[in-house]
Amino acid sequence: MSEFDYDLFVIGAGSGGVRASRIAAGLGARVAVAEERYFGGTCVNVGCVPKKLFSYAAHFHDDFQDSAGYGWESGAPDFNWSTLVANKDNEINRLNGIYEKILKSNNVTIFESRARITGPNSVSVDDKTVTAKHILLAVGGWPSVPGYPGSEHAITSNEVFYLDKLPKSIVVQGGGYIALEFASIFARFGVETTLVYRGDKLLRGFDEEIRDFITEEIGRHVTLKLNDDIVSISKEHDGLKVLLTSGIELAADEMLAATGRKPMTTDLGLDTVNVELSSSGGIKVNEEFQSTEPSIYAVGDVIERMALTPVALAEGQIVSRQLFGGPKKDLSYENIATAVFCHPNIATVGLSEQEAIAKGLDIDVYTSKMKPLKHTLSGRNEYSFAKLIVNRSDDRVIGMHLVAADAGELVQGFAVAMNCGATKADFDNTIGIHPTLAEELVTMREIRD
Ligand code: NDP
């Protein structure tokens, strides 16, 4: 008989927590999970899944317009926000149920309440103390809103999926993933959309040419206020007044702060254990995802490595396998592909040109800007852009960046090739599929100056 109630106590039933619980239970561990909010975490409830559904909804706007050049004649269709939100809610409820079922069918004990750590092997939940040999923190992150006057009037990605009605106008603050995705979405829903970003071009951290390109593309549909920021928000009788550092005043129905996310490590009882935090509140872990308190592990957004669902899934799986005797699996943070679902999509894998140079690599760069065939007849003023970074010493393709419709779908397969060490010669020897955008990636011959 074990001295502990459970072998593993997981706090947080999001992507990382559910995966870790399921794998651990499958390996014979006695597992409990505590979740105070919703099964599936940010991704399922207020992140990737509903955002992608909204993004599909937004693309219909373009598709209806584009169809005219192909001979389709129809009136301008109406968009009904309430229908979208209700259908999205139904789908999310269904997914919540699936996540709960995964836990139950694997005999994981569920506590639907907040859990707090009370010691290296103990947790307080539902007014009682339970003990566990290992504790896994998979508590995720939470939107962070700067503290300017009136910031309480801003909504975040937590609220944006549940607005009672579609705003007529919206100000979006930020130049990262969420800001670009929602600015694209609202602009397609016919909302007058202004994006305010403190930098001179969007998506800091991405390849500079991609930043230039997407800033121009987004600017075709969204009013951009760059090198500017929010000073204050005030509530007026007919909406919000948003004051910018440039002195401009914007009137808007809603203001979406998409200004990053912070690890959710407050009020978790961490003061009772020796878990070290980073300056931004993230949990510091070693290569095994073990915190500075040996019995406590952490995965997902709370460790601030890569705030991406598939990364949290992989991390959760690794922890459970290593604790309970499953097959060993390593996780490399190199060549993890990611996509921003703005219009057009951006997808990227590997190094940016600037990262490659900073590493001292001698590189060749290939770029191509093209008008997608689809838009020859649709007449849409939208371009695609592709970029490859090649390491001269071994000819390996070490960076791929694509701005194009469905770029995420296209780049995923190339990420496999890059993880297998594909060279530029391998790309060149691959016959393209004509006429596709992906073909461009295997027919880039001219080295950029
Ligand atoms: P990001 O870190 O991507 O972007 C935050 C933006 O807010 C940046 O442009 C940043 O500016 C700006 N910002 C931060 N603090 C301030 C401030 N005090 N005042 C003004 N501007 C500020 O965060 P998001 O919230 O967009 O998304 C969080 C994370 O979630 C992403 O990094 C990503 O990992 C994940 N995510 C992934 C998605 C996907 O895979 N498609 C979709 C959505 C989110 P600056 O650049 O100058 O610092």
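Under our numbering, read the sequence shown as residues 85 to 533, first letter to last.
Using N, Cα and C, we set each Cβ at its ideal position, and we do this for glycine too.
TYR90 versus SER253 - alpha carbon distance: The count along the sequence shown starts at 1 and reaches residue 90 at position 6. The count along the sequence shown starts at 1 and reaches residue 253 at position 169. Between TYR90 and SER253, the C-alpha separation is close to 51 Å.
N-terminal and C-terminal residue of the beta strand (DSSP E) that ASP448 is part of: For the purposes of this step, residue 448 is identified with residue 364 of the sequence shown, where counting begins at 1. Looking at the DSSP string, the run of the beta strand (DSSP E) that includes ASP448 is 447–454.
Length of the line joining the Cα atoms of MET454 and ILE302: Counting from 1 along the sequence shown, the entry for residue 454 is found at position 370. Counting from 1 along the sequence shown, the entry for residue 302 is found at position 218. Roughly 16 Å between the two C-alpha positions.
ILE259: CB within 7 Å of a non-hydrogen atom of ligand 1: Within the sequence shown, residue 259 is the residue found at index 175, counting from 1. Contrary to the premise, residue 259 reads as Gly rather than Ile in this sequence. Because some heavy atom of ligand 1 lies under 7 Å away, the Cβ of GLY259 counts as near it: yes.
Pairwise C-alpha distance: PHE498 and ASP490: Position 406 of the sequence shown, counted from the first residue, corresponds to residue 490. Position 414 of the sequence shown, counted from the first residue, corresponds to residue 498. Rounded to whole angstroms, ASP490 to PHE498 spans 14 Å at the Cα level.
Cβ-based neighbour list, ASP296, same chain, cut-off 7 Å, excluding 5 preceding and 5 following: Within the sequence shown, numbered from 1, the residue matching residue 296 stands at position 212. Hits under 7 Å: LYS285.
Extent of the continuous alpha helix (DSSP H) run through GLY400: Walking along the sequence shown from the start, residue 400 turns up at place 316. Start and end: 393–408.
3 or more residues per run - each beta strand (DSSP E) lying fully within the segment 276–339: 276–281, 307–310, 314–320, 323–328, 333–336
Secondary structure of PHE195, DSSP reduced to three states: Position 111 of the sequence shown, counted from the start, is the residue given in the question as residue 195. The answer is strand: DSSP assigns PHE195 an E or B state.
Residue burial classification, GLY274 (beta-carbon count within 10 angstroms, cutoff 16): Position 190 of the sequence shown holds residue 274. Classification of GLY274: exposed, given that the 10 Å Cβ count is below 16.
Cβ-Cβ separation, ASP150 to LYS458 (assumed contact under 8 Å), whole Å: On the sequence shown, position 374 is the one that residue 458 refers to. On the sequence shown, position 66 is the one that residue 150 refers to. Their Cβ separation, rounded to whole angstroms, is 7 Å, which keeps LYS458 and ASP150 in contact under 8 Å.
Any non-hydrogen atom of ligand 1 within 7 Å of TYR140 CB: Within the sequence shown, numbered from 1, the residue matching residue 140 stands at position 56. No, since every heavy atom of ligand 1 falls outside the 7 Å radius drawn around the Cβ of TYR140.
Among ARG114, HIS218, SER452, TYR417, the one whose alpha carbon lies nearest that of ALA488: Indexing the sequence shown from 1 puts residue 488 at position 404. Of the candidates ARG114, HIS218, SER452, TYR417, the one whose C-alpha sits nearest the C-alpha of ALA488 is SER452.
Counted within 10 angstroms of its Cβ, other Cβ atoms place VAL102 as buried (16 or more) or exposed: Residue 102 sits at position 18 when you count from the first residue of the sequence shown. It is buried - the Cβ of VAL102 has at least 16 other Cβ atoms within 10 Å.
Endpoints, beta strand (DSSP E) assigned at HIS485: Numbered from its first residue, the sequence shown carries residue 485 at position 401. Residues 481–487.
Buried versus exposed, by CB contacts within 10 Å (16 or more), ILE332: Taking the sequence shown and counting its residues from 1, the one referred to as residue 332 is at position 248. With fewer than 16 Cβ atoms within 10 Å of its Cβ, ILE332 is classed as exposed.
For ASP549, three-class secondary structure by DSSP: Only positions 85 to 533 of the chain appear in this structure, which leaves residue 549 out of reach.
Which listed residue (PHE290, GLU466, SER330) has its alpha carbon closest to that of HIS485: Numbered from its first residue, the sequence shown carries residue 485 at position 401. If we check each option's Cα against that of HIS485, PHE290 comes out closest.
ALA267 versus VAL128 - alpha carbon distance: Translated into the one-based positions of the sequence shown, residue 267 becomes position 183. Translated into the one-based positions of the sequence shown, residue 128 becomes position 44. Spanning the two alpha carbons is a distance of roughly 21 Å.
Cβ-Cβ distance between GLY400 and ILE201 below 8 Å: If you number the sequence shown from 1, residue 400 lands on position 316. If you number the sequence shown from 1, residue 201 lands on position 117. It is not a contact, given that the beta carbons lie outside the stated cut-off.
Beta-carbon spacing of VAL130, VAL386 below 8 Å: Here residue 130 refers to the residue found at position 46 of the sequence shown. Here residue 386 refers to the residue found at position 302 of the sequence shown. No, they are not a contact pair.
Simplified DSSP assignment, three categories, for ILE515: What you label residue 515 is simply residue 431 of the sequence shown in a count that begins at 1. DSSP places ILE515 in coil when its eight states are reduced to three.
Outcome for CYS504 when other beta-carbon atoms lying within 10 angstroms are tallied against a minimum of 16: Here residue 504 corresponds to residue number 420 of the sequence shown, with the count starting at 1. Result: exposed.
Reference LEU92, options ILE262, LYS212, VAL207, closest by Cα: One-based indexing of the sequence shown puts residue 92 at position 8. The shortest C-alpha separation from LEU92 is found at VAL207.
Backbone secondary structure at TRP165 - three-state DSSP: Here the question's residue 165 lines up with position 81 in the sequence shown. Here TRP165 sits in helix by DSSP.
Near ligand 1: GLU371 beta-carbon under 7 Å from a heavy atom: Numbered from its first residue, the sequence shown carries residue 371 at position 287. It does not: the Cβ of GLU371 is nowhere closer than 7 Å to a heavy atom of ligand 1.
Distance between ARG106 and LYS188 (C-alpha atoms, nearest Å): Counting from one through the sequence shown, the residue named residue 188 turns up at place 104. Counting from one through the sequence shown, the residue named residue 106 turns up at place 22. Rounded to the nearest angstrom, the two C-alpha atoms are 9 Å apart.
Per DSSP, the bridge partner or partners of GLN374: Taking the sequence shown and counting its residues from 1, one reaches residue 374 at position 290. Paired residue(s): TYR381.
Cβ-based burial, VAL500 [other Cβ within 10 Å; buried from 16]: Counting from 1 along the sequence shown, the entry for residue 500 is found at position 416. Result: exposed.
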